[in-house]
Amino acid sequence: MKHVISILLENEPGALSRVVGLFSARGYNIETLTVAPTEDATLSRMTIVTEGSDEVVEQITKHLNRLVDVVKVVDLSEGPHIERELMLIKVRAVGKERDEMKRMADIFRGRIIDVTDKVYTIELTGVQEKIEAFIGALDRSAILETVRTGVSGIGRGERVLKL
Amino acid sequence: MELNGADIVVRCLAEEGVDHVFGYPGGAVLYIYDAIYKQDNFKHILVRHEQAAVHAADAYSRSSDKIGVALVTSGPGLTNAVTGIATAYMDSIPLVIISGQVPSHAIGEDAFQECDTVGITRPCVKHNFLVRDVKDLAETMRRAFYIAKTGRPGPVLVDIPKDITMATCKFVAKRGEVKMRSYAPVVKGHQGQIKKAVQLLLAAERPMIYSGGGVILSNASAELRELVDRVGAPCTNTLMGLGAFPASDDKFVGMPGMHGTYEANMAMQNCDVLIAVGARFDDRVIGNTRHFAQTPRKIVHIDIDPSSISKRVRVDVPIVGNVKDVLQELNALYAQAALDSPPDKSALTRWWQQINTWRGKQCLVYEKSDTIIKPQYVVEKLWEVTGGDAFVTSDVGQHQMWAAQYYRFDEPRRWINSGGLGTMGVGLPYAMGVQMANPGKDVAVITGEASIQMNIQELSTCKQYHLTPKLLCLNNRYLGMVRQWQEIDYGSRYSESYVDALPDFVKLVESYGHIGMQIENPADVEPAIREAFTKYKDRLVFMNFITDQTENVWPMVKAGRGLTEMLLGAEDL
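Structure, rendered in structure tokens:
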């Protein structure tokens, strides 16, 4: 089963490699990983999407907690939560494709953020399934380049992960 | 007061009460060595190879509960130390390693003797630091010691670039214990869980106590003994836990696992309540997990590290906390509850009858010989001559297992070996650390002719510092444990397991200024050991015992097999 793990860790050099090293050393799998500083610049917030049985994910969270740089760990999948991913996608937009692409972007509530006479660059956010649906809806040959951030997650309602 | 980084390092070591540092100088640590030259708070032991510095510091910790400290230079100094660090990490030994690094501005330029120390050691330390500013140095050193000794202990490394050791800043003496928002180990166990454990124990018909290295690390030997006595249960100590419960006590059923006793393994499998204390259900201890789970039993697991719980075996009552604190509470609650609802004594009697039947197999009895030296016999004689009271280190292989089986440890911190990583070559440097931490005590090294050659250069260190361990080399001219597996599982094809072209060990140790003895007859074994510990008490003695080449370690549970699928001897093959 897919799990979304949120980690609050010291914003120290090397902290990221400790987390990544743990996953590779113990044979756990990382599907996506995002990390950036929080409103408190001494802390980073990381979201990792991983695949595994409940036993494996329990071990993952325990091992993450064991890392000295890790302040808090929570498996967001254990409760209601929100996931979002950002994709930037560059598509061919020539002739009548230009209208078609604009329409597709509108349908998926994407935004065209860069335009040339041959190319649109579209920004799209949403859950992973939506991003994949958008890619699936396009003609493969029209896709020139994609870049995805991986999932960021946050708990719903009053659920808060902070110090 | 304004100090340079090197002086700060030395000051911080003094603050932590360090009295011995094991190390080897080099370019990146010259300022630190200069500061060491000018101080007399601690003694520096100059080893002959950085691996030995870490092993010695490690054994210093294991045998004394003080924190061992090793100091190495950058690049090869550090890479040489890695085996020592990984060895300590696998056995959760508190250690602080200080490594020099090239100057900050040169990091990443492939400078002379540069390596990515923090990257290389990251998977085998509890934590590591690269110091970037001299102002952070003192706090980093204090954190290193704090992290090493608290929670589940482990090695912590501090990497210090050379420019930081010469830069100066204001030094403020340590005030109070370190606090870290990201690191707060649990100490007390959950009382509700402890009560559940008490209820299970009171209702148990076949209780069993399985204790590991965690009991020794948390100095909980007295609490363990109290628990075993209160419950009246059999107790087994793992390889890492030997001595936590006295081997001479009738409730001790020997070591469990791959080369454990028949009675210990049968009791582990057939008990109805198993209390695991500071042990981690290692593959060498419980064998195949599916086979282990076949027999229903309730398991209580006491461990300071939550990630040890339900890692290999699902447990019913996990108790996360410091073993000593948890056992104190468990003993108190058990004593109280046993007054109200006393346990079933007759069930316990039947359980002991069963255990004594298993003991009747006498699985450690071996064939004696008047003509050839049996390795087990050497260990038995060592035990007799030293009254079971020596500190014994070992290397890794058959001799290690015989030492664990036949030297009956009654006290914790007396048996010093590499359990988790299984590092050949630790024996001699371990003895150095043990003797530094326990001056005046008898120290024996049980080794083999292969293992000893992995760190034999330390005979020179022993000469320099007048260290006098007694080395018992069980010389069978084979990589014995490899040969045993090849005999059993690889059709006796002894691929590269014969040790040819051995040195004349007697002459070799004499050239280092020590005493060498060659022993070839069983009748000479005891007199030789006695002479080593009396006449040559103040000398290092190397006893080269020419032993039976084909002797194997029994009992044996083959890798991947169930705990009770034991081979008791060659007849079971």
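Chains as they are written, first to last, in the working numbering: chain A, 1 to 163; chain B, 1001 to 1573.
Even glycine gets a Cβ: it sits at the ideal position worked out from N, Cα and C.
| field | Beta-carbon neighbours of valine 1434(B), restricted to chain A and to distances below 7 angstroms | value | Chain order gives no chain A residues near valine 1434(B), where near means a beta carbon separation below 7 angstroms; the closest approach is about 29 angstroms.
| request: With distances taken Cα to Cα, identify the nearest neighbour of tyrosine 1031(B) among Leu1013(B), Tyr1089(B), Gly1100(B), Gly1068(B). | output: Answer by Cα proximity: Gly1100(B).
| said: DSSP three-state label for tryptophan 1554(B), please. | reply: Per DSSP, reduced to three states, the secondary structure at tryptophan 1554(B) is coil, with no helix or strand assignment.
| message | Less than 8 angstroms between CB atoms is the rule here; does histidine 1127(B) satisfy it with respect to chain A? | response | Closer than 8 angstroms: yes.
| field | Closer than 7 angstroms at the beta carbon, the chain A residues around isoleucine 1147(B) | value | At a beta-carbon threshold of 7 angstroms, the residues of chain A lying near isoleucine 1147(B) are Val68, ordered along the chain.
| task | Would you mind reading off the limits of the beta strand (DSSP E) that contains cysteine 1462(B)? | result | Counted as a single uninterrupted DSSP element, the stretch harbouring cysteine 1462(B) is not any beta strand (DSSP E) but the alpha helix (DSSP H) occupying residues 1458 to 1464.
| alanine 137(A) burial status per 10 Å Cβ neighbour count (16 or more: buried) | With fewer than 16 other Cβ atoms within 10 Å, it is exposed.
| query | Looking at C-beta atoms only, is the number of pairs between the segment 1285 to 1304 of chain B and the segment 1313 to 1325 of chain B that lie closer than 8 angstroms three or more? | reply | Contact between the segment 1285 to 1304 of chain B and the segment 1313 to 1325 of chain B is present: three or more C-beta pairs spanning the two stretches fall below 8 angstroms.
| query | Under 8 angstroms between C-beta atoms, does lysine 162(A) make it to chain B? | reply | Residue-level contact by beta carbon fails for lysine 162(A) and chain B, as no gap is shorter than 8 angstroms.
| Helix, strand or coil at valine 68(A) [DSSP, three-state] | Residue state, collapsed to three classes: coil.
| message | Just to check my reading of the structure: proline 1155(B) and isoleucine 1194(B) have Cβ atoms closer than 8 angstroms, yes? What is that Cβ distance to the nearest angstrom? | response | 31 angstroms between Cβ atoms; not a contact.
| query | Between the C-alpha atoms of isoleucine 1416(B) and tryptophan 1402(B), what's the straight-line distance to the nearest angstrom? | reply | When the Cα atoms are used, isoleucine 1416(B) and tryptophan 1402(B) turn out to be separated by approximately 14 angstroms.
| field | Residue of Gly21(A), Val35(A), Glu39(A) minimising C-alpha distance to isoleucine 60(A) | value | The shortest C-alpha separation from isoleucine 60(A) is found at Gly21(A).
| said: Which residues does DSSP list as the beta-bridge partners of histidine 81(A)? | reply: Histidine 81(A) pairs with Gly155(A).
| request: Under 8 angstroms by Cβ, that's how I've got leucine 1046(B) and tyrosine 1060(B) pegged, so tell me the actual separation to the nearest angstrom. | output: With a beta-carbon spacing of about 15 angstroms, leucine 1046(B) and tyrosine 1060(B) fall beyond the 8 angstroms limit used to define contacts.
| query | How should methionine 1001(B) be labelled, buried or exposed, when 16 other C-beta atoms within 10 angstroms of its C-beta is the threshold for buried? | reply | Looking at its Cβ environment, which holds fewer than 16 other Cβ atoms inside 10 Å, methionine 1001(B) is exposed.
| alanine 1052(B), DSSP secondary structure in three states | Helix, per DSSP.
| request: Assuming valine 115(A) contacts lysine 90(A) (C-beta within less than 8 angstroms), just tell me the rounded distance between them. | output: At roughly 11 angstroms, the Cβ-Cβ gap does not stay under 8 angstroms, so valine 115(A) and lysine 90(A) are not in contact.
| request: Output the boundary residues of the beta strand (DSSP E) element that contains proline 1207(B). | output: Start and end: 1207 to 1211.
| task | Going by CA-CA distance only, name the one from Thr1447(B), Leu1274(B), Thr1357(B), Ala1222(B) that's closest to proline 1469(B). | result | The candidate whose alpha carbon is nearest that of proline 1469(B) is Thr1447(B).
| Residue range of the beta strand (DSSP E) that serine 1221(B) falls in? | Run containing serine 1221(B): none in the beta strand (DSSP E); it sits in the alpha helix (DSSP H), 1221 to 1231.
| query | Going by C-alpha distance, which of Val1553(B), Val1557(B), Val1525(B), Glu1551(B) is nearest phenylalanine 1542(B)? | reply | Nearest to phenylalanine 1542(B) by alpha-carbon distance, out of Val1553(B), Val1557(B), Val1525(B), Glu1551(B), is Val1525(B).
| query | Between alanine 1528(B) and the rest of its own chain, which residues show a CB-CB distance below 7 angstroms, the 5 nearest in sequence each way excluded? | reply | The beta carbon of alanine 1528(B) is closer than 7 angstroms to those of Met1517, Ile1519, Met1543 in its chain, skipping five residues each way along the sequence.
| field | Meets three-Cβ-pair contact criterion under 8 angstroms: the segment 1117 to 1128 of chain B and the segment 1161 to 1176 of chain B | value | Verdict: no, contact absent.
| So is leucine 1078(B) buried or exposed if we call it buried at 16+ other beta carbons inside 10 Å? | By the beta-carbon neighbour count (other beta carbons within 10 angstroms, threshold 16), leucine 1078(B) is buried.
| query | How about valine 71(A): is its C-beta nearer than 8 angstroms to some C-beta of chain B? | reply | For valine 71(A), the nearest beta carbon of chain B is closer than 8 angstroms to its own beta carbon.
| field | Secondary structure of arginine 1408(B), DSSP reduced to three states | value | It is coil, neither helix nor strand.
| message | With a threshold of 8 angstroms between beta-carbons, can valine 1178(B) be considered close to chain A, or not? | response | Chain A contact via Cβ: absent.
| Close-in-space but distant-in-sequence residues of the same chain around glycine 1122(B) (CB under 7 angstroms, 5 per side omitted) | Before going further, note that residue 1122(B) is arginine rather than glycine in the sequence given. Closer than 7 angstroms at the Cβ level, and outside the excluded window around arginine 1122(B), lie Asn1128.
| field | Alpha-carbon to alpha-carbon, aspartate 1389(B) and arginine 1414(B) | value | Here the alpha carbons of aspartate 1389(B) and arginine 1414(B) stand approximately 8 angstroms from one another.
| field | Candidates Val19(A), Met101(A), Ser6(A), of which the one nearest arginine 159(A) by Cα | value | The shortest C-alpha separation from arginine 159(A) is found at Ser6(A).
| Taking DSSP as the reference, what is the three-state secondary structure of histidine 1259(B)? | Histidine 1259(B) falls in the coil class under three-state DSSP.
| field | aspartate 1538(B) versus Asp1500(B), Leu1348(B), Lys1463(B), residue with shortest Cα-Cα distance | value | Of the candidates Asp1500(B), Leu1348(B), Lys1463(B), the residue whose Cα lies closest to the Cα of aspartate 1538(B) is Lys1463(B).
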